[in-house]
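Colleague: Once you know that position 386 of the sequence shown is 385 in numbering that gives the first Met the number 0, the rest is easy, because the numbers rise by one and skip nothing. Glycine is no exception: its CB is placed at the ideal position from the N, C-alpha and C atoms. In this text, all values refer to a predicted model and were calculated from it rather than measured experimentally. I have a structure here, written as structure tokens, and I will follow up with some questions on it.
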Amino acid sequence: MITMPARKPRRTAAATRRTPLLLDRADLKRRLADDKYDVLVIGGGITGAYAVLDAASRGLRAALVEKDDFASGTSSKSSKMVHGGLRYIEQGNVNLVRHSLLERHRFRRNAPHLVHRLPFLFPILEKEGVFDARLAKGFEGLLWTYDLVGGWRIGKLHQRLTVPEVLAQAPTLRADNLKGGLMYFDARTDDARLVLTIVRTAAALGATVLNGARAEGLLMEMGKVSGARVSADGDTIDIRARAVVNATGVWTDELDAKADEDHRPQVRPAKGVHIVVPWDKVRINCTVTVPIPGRARRATCTRWGNNVVLGTTDEDYQGSPDDVHCTRAEMDFLLEGANTAFEGKLTADDVVGSIGGLRPLVGGKEGATLDMRRDHRITVGRTGMVTVTGGKLTTSRHMGELVIDKVMTVLGRRGKSRTAGLPLLGGAGYDSEAVAASGGIAAHLGERFGTEARFVGDLIQDDPSLAEPIVAGLPYTKAEVVYAARAELARSVDDVLSRRTRARLFARDASVGAAEAVGAILGQELNLTETEVERSVAEYLVAVQHEKSVLLEGAAA
């Protein structure tokens with residue numbers, strides 16, 4: 000039996016479960032059809048997830064629907080950083096940094112199994128770097144500001160490193176022009192699992208949550224939005240609610256237009272991309288920021304287990320928000336940046352996975368998206384729908400709080416948010432040092448499920464064959480697929496391989512080989528027909544092939 004070391008938990012309704020929270024689609028659909036809610040949140044990304052959790056924690060009857068899968072849009076394709084944002088200090092937005100660092104601290108306290116401290120290294124180069132020795136002195140002043148406004152909460156202040164200290168962290172860095180480095184500390188998270196955990200915490204507090212539920216239209220009473228007509232699994236459900244929240248990210252304008260035919264678009268999508276290469280090709284032990292030759296942009300290279308994730312900041316995007324991938328040109332300039340900074344030679348053949356995502360910025364159409372502020376915007380339309388957009392992952396909890404503050408105004412009710420100190424499922428009593436020391440499968444499960452890892456461990460105890468890996472070369476087990484079907488509303492092969500695990504990102508081709516096995520488990524757990532299983536497997540294979548064609552062959556995204 001796999002057991003997780005634990006400290007005495009903080010007592011909350013969500014944190015004290017003795018049995019796993021099992022979610023049944025048929026029951027959830029019945030509840031959506033039969034109940035009347037105080038608030039319905041449309042959109043299952045990070046912002047919608049925290050909005051429904053905030054509502055449920057205040058005692059509101061709350062529901063959330065997502066047209067595809069939780070975090071399937073922007074929120075599984077972020078930089079995966081929980082950070083204050085040094086760039087925002089450069090832009091003069093110190094208040095955003097201060098608040099972001101406070102929220103980072105809350106994330107690390109409420110979800111210690113999912114949000115981990117991460118060192119960031121800026122090499123100082125004599126030439127052709129992000130910083131030369133002259134600029135580094137001024138940048139260190141920014142780091143002091145960062146530490147003083149809240150960076151200190153992570154337990155370490157920034158450091159100036161010698162050349163040997165830099166090379167100890169990143170031994171393959173080209174040393175010709177290296178003069179030293181600056182290191183500071185932020186945090187990272189598996190964004191898709193974080194969103195899922197927030198949603199499940201809301202469900203533990205009584206919220207009704209459903210993925211694969213598309214809002215086809217809005218219900219209206221006396222000129223006000225009073226719910227939504229949703230399609231799910233071939234069924235049409237009218238969900239009645241006293242207040243409706245639009246948290247659909249880059250799809251915000253589409254839903255707002257259904258509430259108000261005179262709505263004017265306000266969202267400006269900005270695209271960010273990441274590629275993944277094997278760790279032994281780069282061999283870094285932290286996040287290293289490197290320049291991209293000929294461009295006023297930086298790339299970050301982050302170790303993630305046996306892989307390194309390379310990514311960039313965002314730029315304008317004009318295509319479909321439903322088909323966003325890293326392109327050949329974007330991959331090439333990331334590889335060029337890495338090859339300029341590190342010894343060795345990365346090629347397209349080394350890329351084992353990629354993602355492209357859109358950030359829903361709010362603002363004008365002029366200027367570079369890199370220079371736009373990341374503040375959120377919350378409005379109440381003339382038909383009464385609350386709309387939220389903008390912001391960033393790190394401030395999502397606070398955005399959810401402010402959204403429900405606005406909902407309370409719409410409802411004419413009072414009540415304060417409780418989420419600032421509310422542990423997410425698996426977070427209460429989690430002891431990261433003890434889990435890390437346990438090693439093996441226990442450590443792997445602990446860092447994904449926290450104290451709830453014991454429920455996955457119980458599956459393995461009952462059937463030891465479920466300890467087998469589902470994807471060659473990755474630590475994810477068959478038990479996690481079973482748990483995804485029973486407790487995490489996974490409906491498809493893609494749900495499991497892209498988000499319940501991150502196999503598609505970290506081992507794209509190997510994940511293809513696992514698709515049939517995942518489909519078979521889902522078929523058994525969800526009572527799917529053979530045709531439904533075959534369709535789920537085929538859809539995953541087609542999606543992966545399309546992703547590869549955009550990345551490697553330069554096909555249209």
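Would DSSP call Tyr316 helix, strand or coil?
Modeller: coil
Colleague: Answer with buried or exposed for Leu124, where buried requires no fewer than 16 other C-beta atoms within 10 angstroms of its C-beta.
Modeller: buried
Colleague: Considering Ser535, what are the terminal residues of the alpha helix (DSSP H) in which it resides?
Modeller: Here the alpha helix (DSSP H) through Ser535 covers 529-552.
Colleague: Indicate the three-state DSSP secondary structure (helix, strand or coil) for Ala347 in the structure shown.
Modeller: helix
Colleague: Distance check for Val532 and Asp313, CA to CA, integer angstroms please.
Modeller: 37 angstroms
Colleague: Using the Cα positions of Gly304 and Val379, report the straight-line distance between them to the nearest angstrom.
Modeller: 43 angstroms
Colleague: Which residues in the same chain as Gly222 place their Cβ atom closer than 8 angstroms to its Cβ, once the five residues preceding and following it in sequence are excluded?
Modeller: Thr382
Colleague: By how many angstroms is the C-alpha of Thr388 removed from the C-alpha of Asp508?
Modeller: 35 angstroms
Colleague: The alpha helix (DSSP H) with Ala436 in it runs from where to where?
Modeller: It spans 431-437 - the alpha helix (DSSP H) in which Ala436 sits, taken as one unbroken run.
Colleague: Classify Asn109: buried if its beta carbon has 16 or more other beta carbons within 10 angstroms, exposed otherwise.
Modeller: buried
Colleague: So, is Val40 buried or exposed, given that buried needs 16 or more other C-beta atoms within 10 angstroms?
Modeller: Flag for Val40 reads buried.
Colleague: Compute the Euclidean distance between the alpha carbons of Ala441 and Ala452, then round it to the nearest angstrom.
Modeller: 8 angstroms
Colleague: Jot down the residue ranges of each uninterrupted beta strand (DSSP E) in the region 354-423, minimum 3 residues, whole runs only, in chain order.
Modeller: 375-379, 385-389
Colleague: Under 8 angstroms, do Pro264 and Gly336 count as touching if we go by C-beta distance?
Modeller: no
Colleague: Between Ile520, Pro463, Pro422, which lies nearest to His112 when the distance is taken from Cα to Cα?
Modeller: Out of Ile520, Pro463, Pro422, Pro422 has the C-alpha closest to the C-alpha of His112.
Colleague: Just curious, the beta strand (DSSP E) that Asn210 is in, first and last residue?
Modeller: Element bounds for Asn210: n/a, residue is neither H nor E.
Colleague: State the start and end residues of the unbroken beta strand (DSSP E) segment that holds Ser230.
Modeller: 223-231
Colleague: Starting from Asn306, follow its DSSP beta bridges and name the residues at the other end.
Modeller: Pro277, Trp303
Colleague: Could you tell me which residues DSSP puts in a beta bridge with Tyr36?
Modeller: Ala240
Colleague: What three-state label does DSSP hand Ile469 in the structure shown?
Modeller: coil
Colleague: Examine the Cβ distances between the region 50-62 and the region 213-231 and report whether three or more of them are shorter than 8 angstroms.
Modeller: no
Colleague: Name the residue from Arg501, Ala486, Val549, Val480 whose alpha carbon lies nearest to the alpha carbon of Gly518.
Modeller: Val480
Colleague: How would you label Lys537, buried or exposed, when you count the other beta carbons within 10 angstroms and need 16 or more for buried?
Modeller: Checking the sequence shown, residue 537 turns out to be Ala, not Lys. The residue in question, Ala537, is exposed, as its Cβ has fewer than 16 Cβ neighbours within 10 Å.
Colleague: Under three-state DSSP, which class holds Asp261?
Modeller: coil
Colleague: Can you tell me whether Pro463 is buried or exposed? The criterion is at least 16 other CB atoms within 10 Å of its CB, across all chains shown.
Modeller: Exposed: under 16 other Cβ atoms inside 10 Å.
Colleague: Does DSSP put Thr18 in a helix, a strand or coil?
Modeller: coil
Colleague: Helix or strand or just coil, what does DSSP make of Phe69?
Modeller: coil
Colleague: Lys270 bridges to which residues according to DSSP?
Modeller: Glu314, Leu357
Colleague: Can you tell me whether Pro111 is helix, strand or coil according to DSSP?
Modeller: coil
Colleague: Count the other CB atoms, across all protein chains shown, that sit within 10 Å of the CB of Ala269; report buried if there are 16 or more and exposed otherwise.
Modeller: Ala269 should be labelled buried.
Colleague: Near Asp252, what residues of its chain come up, given a Cβ to Cβ distance below 8 angstroms and the 5 sequence neighbours on each side ignored?
Modeller: His262, Pro264, Gln265, Val266
Colleague: Measuring CA to CA, which of Gly439, Leu218, Thr311 is closest to Met384?
Modeller: Leu218
Colleague: If you count every other CB in all the chains shown that lies within 10 Å of the CB of Ser319, and 16 or more means buried, which is it?
Modeller: Counting other Cβ atoms within 10 Å of its Cβ, Ser319 stays below 16 and is therefore classed as exposed.
Colleague: At the level of alpha carbons, what is the spacing between Asp370 and Gln90?
Modeller: Since pLDDT at Asp370 reaches only 44, below the 50 mark, its modelled position is unreliable, and the value read off the structure follows with that caveat. Their backbone Cα atoms lie some 8 angstroms apart in a straight line.
Colleague: Please check the pair Pro277 and Asp349, which I expect to be a contact at CB under 8 angstroms, by giving their CB distance rounded to whole angstroms.
Modeller: 7 angstroms
Colleague: Kindly examine the ligand FMN and report whether one of its heavy atoms sits closer than 7 angstroms to the Cβ of Arg108.
Modeller: The ligand FMN is not part of the structure shown, which contains no ligands of any sort.
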